[in-house]
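Student:
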Ligand code: PEP
Ligand code: MG
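Residue numbers (my numbering): 18 to 605.
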């Protein structure tokens, strides 16, 4: 379709700001290769391309197998052997070639349908043998696919300046690599308000709109586009007048940002002098250096899983020790809360751990419902070697600063007790090895699952501090997927049930005399901040970029007003009415 008139598409606003630039279609998964027909003349060339990819993949596996034979676990050698056999099987050789001829489609299309077919056929069979076969097919197919389009794949780090990145979906490992100067904005078909990709986009200040029909955009001839992340608009081929208007709006945003930044050194206190401590949420350890300027009281949440999300393997104990030590030192005594790997959910890694079972979660993400699956502490307790290496690194680094450990996705007290027992044994081991340790490393628990919110009084007795993760708490309490745009209208942190739970958690923490911090995205929402303060929250942790805005908001309120506002909010039974109440009462 040729179309050069202005077209306005409405989507889900995810990250504020205005992006103006040229579009780049970005794809990282099998998503974009549904239908890639070829002509009869192209068949031979396509078969040659396939044979070449198969050959390179085979060499890859042979090399890996040689390496594993030397010092790898025998299971890996066996798996690689199976993969080699599969690549020599007529199904993979002549079978695929026949399909290319018969279906007249590119090999990518054929492989993607093969993966889908296998996944669907075997997803209902829980038998380990069948699950293994699916894993093998997916693994081999992905390897071949990666050779089929090594150059066709645009890396997010290589897009031109001011690109409007259009994709079906973004995963956190890609978003974290994005540079705000190169990426003017993100537009996706999938993706929810507090998906991890969304959190990173906001932390980087990259405007983002989700729930937009990318396939439709592909059919339009695009000369340029504007993304309005605040209103959730994508304006394709804007008229001159529209462009001018948006250039002004963007200037306004930038000026406002600069003004706020200049006040980042101010204290986060209410008009009547109540201090609210503002910490930073961090994904990239290098950014700890920049925190001093942001006015953070420390790191309230270091999402340590980002250490490996875009690497090819888990960092070793030694590598982690160096990273944590450096972070602790550069914070000069300010707290560094390291949340142990929150693996799973929408955080997909693009590497394969060596542990055969652990591969299950990374390779195909084939759990029927990953958000309710073997995520975070469940995963870590099931794969103790990965967990122990991380804990040892943290314990060893603890003498270089105020390091604290935070456990994600706790749903039962037994998980805390299990972690305490592991830490005790590790401390004894480290002492025997003559390694110096601090007296105790505080252990905290994330409250982000309904059961832990309801059992908060019991949990509070067992741990040293609590951290409320509203991003997940909202998802699990309201049964609304945080990454799904179709449930965005059901997902909101101002739901009365969430406010009640926060009040309950604060009260349990106060009774047990344990500190409680809130580190979900709503801690940076100017409409939510006074409510949180009114509910008794005295510590917030947000992306460093949002600290000035949070302080600015706090400085407009008196504590009594905030309490009254929260009391008023708790009266509401209907989420809709509560939302209306907040939108009128919190404007300042
Ligand atoms: C949360 O769930 O609120 C949280 C802070 O953790 P994450 O967003 O990393 O799941
Ligand atoms: Mg969480």
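The beta-carbon is built from N, C-alpha and C at its ideal position, and this holds for glycine as well.
Scan the stretch 161-235 and note each continuous beta strand (DSSP E) run of 3 residues or more that stays entirely inside, going in chain order.
Tutor: List check, beta strand (DSSP E) in window: 180-184, 200-205, 225-227.
Student: Mind checking residue 490: buried by the 16 CB within 10 Å criterion, or exposed?
Tutor: By one-based count along the chain shown, residue 490 stands at place 473. By the neighbour-count rule (16 or more Cβ atoms within 10 Å), residue 490 is buried.
Student: Tell me the residue span of the beta strand (DSSP E) that contains residue 320.
Tutor: For the purposes of this step, residue 320 is identified with residue 303 of the chain shown, where counting begins at 1. First-last of the beta strand (DSSP E) with residue 320: 316-320.
Student: What do you get for residue 448, buried or exposed, if any count of 16 or more other CB atoms within 10 angstroms of its CB means buried?
Tutor: As a working note, residue 448 is residue 431 in the chain shown. Exposed, because fewer than 16 other Cβ atoms sit within 10 Å of the Cβ of residue 448.
Student: List the endpoints of the continuous alpha helix (DSSP H) containing residue 526.
Tutor: Translated into positions along the chain shown, residue 526 becomes position 509. Start and end: 513-528.
Student: Run through the DSSP bridge pairs and tell me what residue 122 is partnered with.
Tutor: Counted from its first residue, the chain shown places residue 122 at position 105. Looking at the DSSP assignment, residue 122 forms a beta bridge with 54.
Student: Hey, out of 480, 411, 485, whose CA is closest to residue 453's CA?
Tutor: Working through the chain shown from its first residue, we reach residue 453 at position 436. The shortest Cα separation from residue 453 among 480, 411, 485 belongs to 411.
Student: Going straight from the alpha carbon of residue 493 to that of residue 109, what length do you get?
Tutor: The count along the chain shown starts at 1 and reaches residue 493 at position 476. The count along the chain shown starts at 1 and reaches residue 109 at position 92. One C-alpha to the other measures close to 42 angstroms.
Student: Starting from residue 425, trace the alpha helix (DSSP H) in both directions and tell me its first and last residue.
Tutor: Indexing the chain shown from 1 puts residue 425 at position 408. Counting along the chain, residue 425 falls outside any alpha helix (DSSP H), and DSSP gives it neither H nor E.
Student: Give the DSSP bridge partners of residue 266, in chain order.
Tutor: For the purposes of this step, residue 266 is identified with residue 249 of the chain shown, where counting begins at 1. According to DSSP, which records beta bridges pairwise, residue 266 is partnered with nothing at all.
Student: At a cut-off of 7 angstroms, is residue 545 close to the ligand MG when judged by its beta-carbon and the heavy atoms of the ligand?
Tutor: As a first step, residue 545 is located in the chain shown; it is residue number 528 there, counting from the start. Because no heavy atom of the ligand MG lies under 7 angstroms away, the Cβ of residue 545 does not count as near it: no.
Student: Beta-carbon separation of residue 315 and residue 338 under 8 angstroms?
Tutor: For this step, residue 315 is matched to residue 298 along the chain shown. For this step, residue 338 is matched to residue 321 along the chain shown. It is not a contact, given that the beta carbons lie outside the stated cut-off.
Student: Taking buried to mean at least 16 other C-beta atoms within 10 Å of its own C-beta, is residue 359 buried or exposed?
Tutor: Reading the chain shown from its first residue, position 342 is the one you call residue 359. Buried: at least 16 other Cβ atoms inside 10 Å.
Student: Might you give, ordered along the chain, the residues of its own chain that have their beta carbon closer than 8 angstroms to the beta carbon of residue 287, omitting 5 neighbours on each side?
Tutor: Looking up residue 287 in the chain shown gives position 270. Once the five neighbours on either side are set aside, the close Cβ partners of residue 287 are 293, 550, 571, 572, 574, 575, 576, 579.
Student: Under 8 angstroms, with one C-beta from each stretch per pair, do the stretch 455-465 and the stretch 498-513 reach the 3-pair mark?
Tutor: No: fewer than three Cβ pairs fall under 8 angstroms.
Student: Considering only heavy atoms of the ligand PEP, does any lie closer than 7 angstroms to the CB of residue 536?
Tutor: Counted from its first residue, the chain shown places residue 536 at position 519. Indeed, a heavy atom of the ligand PEP lies less than 7 angstroms from the Cβ.
Student: Give the residues whose C-beta lies closer than 5 angstroms to at least one heavy atom of the ligand MG, in chain order.
Tutor: Those residues, listed in chain order, are 465, 486, 489.
Student: Taking its Cβ as the centre, do 16 or more other Cβ atoms sit within 10 Å of residue 19, making it buried, or is it exposed?
Tutor: For this step, residue 19 is matched to residue 2 along the chain shown. Low confidence applies to residue 19: its pLDDT is 46, below 50, so where it sits in the model is not reliable enough to give any reading.
Student: Return the first residue and the last residue of the alpha helix (DSSP H) that residue 409 is part of.
Tutor: Against the chain shown, residue 409 aligns to sequence position 392. Where residue 409 is concerned, the enclosing alpha helix (DSSP H) stretches over 401-414.
Student: Please confirm whether residue 244 and residue 224 have their CB atoms less than 8 angstroms apart.
Tutor: Locating residue 244 in the chain shown gives position 227, counting from the first residue. Locating residue 224 in the chain shown gives position 207, counting from the first residue. Yes, they are a contact pair.
Student: Enumerate in chain order the residues of its own chain whose CB-to-CB distance from residue 175 is below 7 angstroms, with the five nearest sequence positions on each side excluded.
Tutor: Translated into positions along the chain shown, residue 175 becomes position 158. If we look at residue 175 and ignore the five residues flanking it on each side, it has no Cβ neighbours.
Student: Quick one: grab the DSSP three-state call for residue 596.
Tutor: The residue you call residue 596 lines up with position 579 of the chain shown. The answer is helix: DSSP assigns residue 596 an H, G or I state.
Student: When burial is assigned at 16 or more other CB atoms within 10 Å of the CB, is residue 547 buried or exposed?
Tutor: The count along the chain shown starts at 1 and reaches residue 547 at position 530. So residue 547 ends up on the buried side.
Student: Tell me whether the beta-carbon of residue 599 lies closer than 8 angstroms to the beta-carbon of residue 544.
Tutor: Translated into positions along the chain shown, residue 599 becomes position 582. Translated into positions along the chain shown, residue 544 becomes position 527. Against a cut-off of 8 angstroms, the Cβ pair of residue 544 and residue 599 comes out as a contact.
Student: Return yes when at least one heavy atom of the ligand PEP lies under 7 angstroms from the C-beta of residue 216, else no.
Tutor: Locating residue 216 in the chain shown gives position 199, where the first residue counts as 1. The answer is yes for residue 216.
Student: CB of residue 563 to nearest heavy atom of the ligand PEP: below 7 angstroms?
Tutor: In the chain shown, residue 563 corresponds to position 546, counting from 1. False, no ligand heavy atom lies under 7 angstroms from that Cβ.
Student: On the CB-based measure, 16 or more other CB atoms within 10 Å of its CB, does residue 25 come out buried or exposed?
Tutor: Taking the chain shown and counting its residues from 1, one reaches residue 25 at position 8. So residue 25 ends up on the exposed side.
Student: Between residue 290 and chain B, is there a C-beta pair that is closer than 8 angstroms?
Tutor: Looking at the structure shown, chain B is missing, and only one protein chain is on hand.
Student: Among residues of its own chain, excluding the 5 on either side of residue 534, which ones have a beta-carbon nearer than 6 angstroms to its beta-carbon?
Tutor: In the chain shown, residue 534 corresponds to position 517, counting from 1. Cβ neighbours of residue 534 beyond the five flanking positions: 317, 484, 556, 558.
Student: Here's the rule: buried if 16 or more other CB atoms are within 10 angstroms of the residue's CB, otherwise exposed. What is residue 95?
Tutor: To locate residue 95, count along the chain shown from 1; it is residue 78. Per the 10 Å Cβ criterion, exposed.
Student: Have a look at residue 595 and residue 209 and give me their C-alpha separation to the nearest angstrom.
Tutor: Here the question's residue 595 lines up with position 578 in the chain shown. Here the question's residue 209 lines up with position 192 in the chain shown. Rounded to the nearest angstrom, the two C-alpha atoms are 22 angstroms apart.
Student: Give the single residue among 475, 405, 386 whose Cα lies nearest to the Cα of residue 429.
Tutor: Residue numbering aside, residue 429 sits at position 412 when the chain shown is read from its first letter. Taking only the C-alpha atoms, the option nearest residue 429 is 475.
Student: Between residue 168 and the rest of its own chain, which residues show a CB-CB distance below 8 angstroms, the 5 nearest in sequence each way excluded?
Tutor: In the chain shown, residue 168 corresponds to position 151, counting from 1. Residue placement at residue 168 is poorly supported in this model, since its pLDDT is 45, which falls under 50; the coordinates still yield a value, given next. Counting only Cβ-Cβ distances below 8 angstroms, and skipping sequence neighbours, we find nothing.
Student: Counting pairs of Cβ atoms below 8 angstroms between the stretch 25-41 and the stretch 176-183, do you hit three or more?
Tutor: Taking 8 angstroms as the limit for Cβ pairs, the verdict is that the stretch 176-183 does touch the stretch 25-41.
Student: Within 8 angstroms, do at least three Cβ pairs link the stretch 232-252 to the stretch 517-535?
Tutor: The stretch 517-535 is not in contact with the stretch 232-252.
Student: Let's see if you can read the secondary structure: which residues bound the alpha helix (DSSP H) around residue 472?
Tutor: Looking up residue 472 in the chain shown gives position 455. Counting along the chain, residue 472 falls outside any alpha helix (DSSP H), and DSSP gives it neither H nor E.
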